[in-house]
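Everything on this sheet refers to the single structure shown next.
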Amino acid sequence: MLEAVVGVIVGLLIVGGVLIMLGPNLTPAWRRLKSVGRPVKVPSAFQMTKSRDVVPPALNPKTQRVVVAAARLASWLRAHGQEDVAREVRTAAARMTANEPSGLYALQIALRRIRVVNIHDPLAQERLTALAKELHGAVQDRFEQLELLPFRKP
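Every letter in the sequence shown is one number past the one before it in the working numbering, and letter 36, counting from 1, is 37.
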């Protein structure tokens with residue numbers, strides 16, 4: 002009887018030592034062992050799905066066009082040392098996601114400021130003008146679509 006008790010105690014000490022040696026590695030292994038026996042719950046076709054409010058709503062294609070044109074212009078301005086104007090364009094484009102009319106008006110103001118920017122290289126000045134015209138056209142299209150400005154008569 003004494004030998005059986007000693008054997009159980011020795012067995013418990015060995016198991017305890019192994020558990021201590023495993024230490025932090027024991028928790029993930031224990032979780033894996035617990036999950037093996039459980040069946041996986043398959044969602045039903047009639048079950049309601051959870052709403053995902055963290056995903057922002059999709060932008061209108063014309064709004065996307067404005068944002069892309071603004072990003073092109075801002076990166077070009079930043080690459081050519083016009084940090085202040087580039088920041089203004091980026092801020093106005095970012096404002097469009099929260100309040101689109103306000104962002105469009107801010108982009109219009111930034112475009113007025115870009116008219117004053119002079120680059121000494123004629124090719125660079127031509128590229129700046131082309132990017133500004135692209136953004137101006139996109140902004141005007143979106144203004145007309147939102148009916149913020151009166152339509153021009155041809």
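Glycine included, every Cβ here is placed at the ideal spot set by N, Cα and C.
What's the gap between the Cα of residue i and the Cα of residue j?
| i | j | result |
| --- | --- | --- |
| L129 | T98 | 25 Å |
| V6 | M22 | 24 Å |
| Q65 | P29 | 45 Å |
| P62 | G24 | 55 Å |
| E101 | N26 | 52 Å |
| L3 | L13 | 15 Å |
| T92 | R143 | 18 Å |
| V19 | I10 | 14 Å |
| A125 | G138 | 20 Å |
| H121 | A80 | 14 Å |
| R73 | E127 | 15 Å |
| I15 | G8 | 11 Å |
State the CB to CB distance for the pair residue i and residue j, rounded to an integer number of angstroms; the pair is presumed to be in contact (CB under 8 Å).
| i | j | result |
| --- | --- | --- |
| L149 | A71 | Contact doesn't hold; Cβ gap of about 17 Å is too wide. |
| L105 | V140 | 6 Å |
| V78 | V90 | Going by the sequence as given, residue 78 is Leu instead of Val. Contact flag correct, Cβ pair sits at about 7 Å. |
Is it buried or exposed for residue i, if we count other Cβ within 10 angstroms and need 16 for buried?
| i | result |
| --- | --- |
| A87 | buried |
| R116 | exposed |
| A111 | buried |
Using only alpha-carbon positions, find the residue among the options that is nearest to residue i.
| i | options | result |
| --- | --- | --- |
| R114 | N26, A125, D85, E145 | D85 |
| A75 | L132, G138, V11, Q109 | L132 |
| K134 | G82, L108, I10, R91 | L108 |
| N119 | Q83, D142, R143, E145 | Q83 |
| L147 | S103, A125, H121, D122 | S103 |
| A95 | L60, E127, P123 | L60 |
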